[in-house]
Amino acid sequence: MVSEFGTIFLFILTAIVLIVSMLMLAKLLRPHKPNVEKLTTYESGEDPIGNANVQFNVRFYVVALVFLLFEVELVFLFPWAVVFGQATLIQQTDGLWGWFSLIEMLIFVGILVLGLAYAWAKGYLDWVRPQPKVPIIETKVPANLYQKVNEKYGRPPVNEK
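According to our numbering, the sequence shown is numbered sequentially starting from -19.
Right, here's the structure in full:
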């Protein structure tokens, strides 16, 4: 007789075997005809030009990190709310548990507010919009063909330089 852990192990093992077998079957059935065009880098139908290591504005990362920091810390409010609402703990401590939990969470939220004020004062939350740089691409297609396509689909005209 298989134990409960054995059942879980068999379920995981079956899932792994099914996934590997489906991947192997797909590899056997699919056509494999590589050529130069298929092996090139694909960027929305255009040939890539220049270096792919484009530097992004650091503000994206800073705002994301600040958001993640506060979001993870706010997750700690949920266990606090569950423990705070236990009537048996409040009754056993003659109501002191409720006050202790409330003061503890006010200190925690106060530290979060101080961190937010620090990030705000340092300018980490200021969003500076960089001026968009329109890339100039050398192409063999004449500009009047682009203009015809834009007129056909109702797009604004392309500024030529």
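In this text, a Cβ means the ideal position worked out from N, Cα and C, and glycines have one as well.
Predicted model only: the values in this text are computed from it and were never measured.
| Asked | Found |
| --- | --- |
| So Ile151 is in the alpha helix (DSSP H); what residue range does that whole segment cover? | The first residue shown for the chain is -19 and the last is 141, placing residue 151 beyond what the model contains. |
| If contact is defined by three or more beta carbon pairs under 8 Å, each pair taking one atom from either stretch, is the region 120 to 136 in contact with the region 65 to 78? | no |
| Determine the direct distance from the alpha carbon of Ile(-4) to that of Asp106, and round the result to whole angstroms. | 48 Å |
| By the three-class DSSP mapping on this structure, what secondary structure does Arg135 have? | coil |
| Where does the unbroken alpha helix (DSSP H) through Val38 begin, and where does it stop? | 38 to 55 |
| What's the gap between the Cα of Ile(-8) and the Cα of Leu3? | 17 Å |
| In terms of residues, what are the limits of the alpha helix (DSSP H) holding Glu84? | 76 to 101 |
| With DSSP run on the structure shown, which of helix, strand or coil describes Ile116? | coil |
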